[in-house]
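Enquirer: Under the working numbering, the first residue of the sequence shown is numbered 251, with each subsequent residue one higher. Ideal Cβ placement from N, Cα and C applies to all residues, glycine included.
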Amino acid sequence: MVIVTSCYVLSNVAYYAVMSPEELLASEAVAVTFAEKLMGKFSTVVPVFVAMSCYGSMNGCLFAISRMFFVASREGHLPEVLSMIHIRRHTPLPAVLALVIFNRIYPMTMLQLFVADIYSLLNFMSFLRWLFIGVAVLGLIYLRYTQPDLPRPFKVSVFVPLIIPAVFCLTCFLMVFMSLYSDPVNTGIGFAISLTGIPAYYIFIVFDRRPKWIQKAIGTSHCAQQHNQDSYIHPQKRS
């Protein structure tokens with residue numbers, strides 16, 4: 251983590267050291283402009299490194315968010331099939347596949363039909379991403395102070411170490427504010443869409459008033475689990 255953080259920080263320092271403020275503002279891809287100015291004909295390798303960086307970031311998202319689907323399924327918030335794991339590798343395979351299809355391919359495809367350019371699409375997606383990350387970290391800080399004795403797999407001191415998540419949380423909300431300031435239309439649409447999850451949560455989870463077709467789908471997935479006990483995946487029960 252220290253090595254990755256240092257590389258990113260030093261890369262940004264290099265951009266500001268080599269390029270002028272006018273060049274930074276005028277550039278559509280700062281890393282590419284930086285490479286063209288510093289490396290000449292070897293600048294073609296920079297997009298490759300940028301793609302590798304994006305791939306690593308996406309890989310981390312798949313690891314983390316698929317586990318959220320997995321836990322939500324164990325809590326009864328999602329169909330039970332998402333709590334199944336690979337019988338040999340013990341990975342939440344159905345949750346990973348559901349994440350790729352319903353949280354990556356389908357939303358991005360639908361957004362591209364309504365968003366004019368890639369920068370608006372980035373503002374649309376990054377706004378929601380950093381908003382929910384900031385809220386999640388803020389919730390962790392709140393619970394650490396209000397319920398300090400709650401059993402946790404990992405616990406830090408209440409004092410100095412919490413400065414780090416506090417700064418991170420403020421940084422997340424700063425990026426949210428900048429996205430809202432630079433592109434209020436797309437970020438506002440994204441925020442409005444995310445608010446639809448509140449009534450859905452209370453209707454389907456709190457009040458447990460699921461439509462019959464959803465209950466039937468959950469029951470069908472449970473029967474499929476029982477039928478495929480000897481297949482490649484099996485349900486992970488909560489301890």
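In angstroms with no decimal places, state the Cα-to-Cα distance between G326 and E272.
Expert: Residue mapping note: residue 326 aligns to position 76 of the sequence shown, counting from 1. Residue mapping note: residue 272 aligns to position 22 of the sequence shown, counting from 1. Their Cα atoms are separated by approximately 53 angstroms.
Enquirer: Skipping 5 residues on each side, what residues in its chain have a beta carbon closer than 6 angstroms to that of I253?
Expert: The residue you call residue 253 lines up with position 3 of the sequence shown. The answer is none, since no qualifying residue turns up.
Enquirer: Looking only at its own chain, which residues have a Cβ that is under 6 angstroms from the Cβ of T283, when we skip the five neighbours before and after it?
Expert: For this step, residue 283 is matched to residue 33 along the sequence shown. Hits under 6 angstroms: S277.
Enquirer: Do G440 and F377 have their C-beta atoms closer together than 8 angstroms?
Expert: Start at 1 with the first residue of the sequence shown, and residue 440 comes out as number 190. Start at 1 with the first residue of the sequence shown, and residue 377 comes out as number 127. A contact, by the Cβ cut-off of 8 angstroms.
Enquirer: Measuring CB to CB, does V346 end up less than 8 angstroms from S316?
Expert: Working through the sequence shown from its first residue, we reach residue 346 at position 96. Working through the sequence shown from its first residue, we reach residue 316 at position 66. Yes, the pair counts as a contact, with Cβ atoms nearer than the cut-off.
Enquirer: Taking the alpha carbon of Y258 as the reference point, which residue from S293, S307, K287, N436 has its own alpha carbon closest?
Expert: What you label residue 258 is simply residue 8 of the sequence shown in a count that begins at 1. Nearest of S293, S307, K287, N436 to Y258, Cα basis: S307.
Enquirer: Could you spell out where the alpha helix (DSSP H) holding Y266 opens and where it closes?
Expert: As a position in the sequence shown, residue 266 is number 16, starting the count at 1. Start and end: 252-268.
Enquirer: Does DSSP classify L390 as helix, strand or coil?
Expert: Within the sequence shown, the letter at position 140 stands for residue 390. In the structure shown, L390 sits in a helix (DSSP, three-state: H, G or I).
Enquirer: So, for I455: in the same chain, excluding its five sequence neighbours on each side, which residues have a beta-carbon less than 6 angstroms away from its beta-carbon?
Expert: One-based indexing of the sequence shown puts residue 455 at position 205. Excluding residues within five positions, the ones whose Cβ falls inside 6 angstroms are H327.
Enquirer: In whole angstroms, what separates the C-alpha of L343 from that of I335?
Expert: Within the sequence shown, numbered from 1, the residue matching residue 343 stands at position 93. Within the sequence shown, numbered from 1, the residue matching residue 335 stands at position 85. Near 6 angstroms, if we compare the C-alpha coordinates of I335 and L343.
Enquirer: Just verifying my parser: in three-state terms, what is the DSSP assignment at G326?
Expert: Counting from one through the sequence shown, the residue named residue 326 turns up at place 76. Here G326 sits in coil by DSSP.
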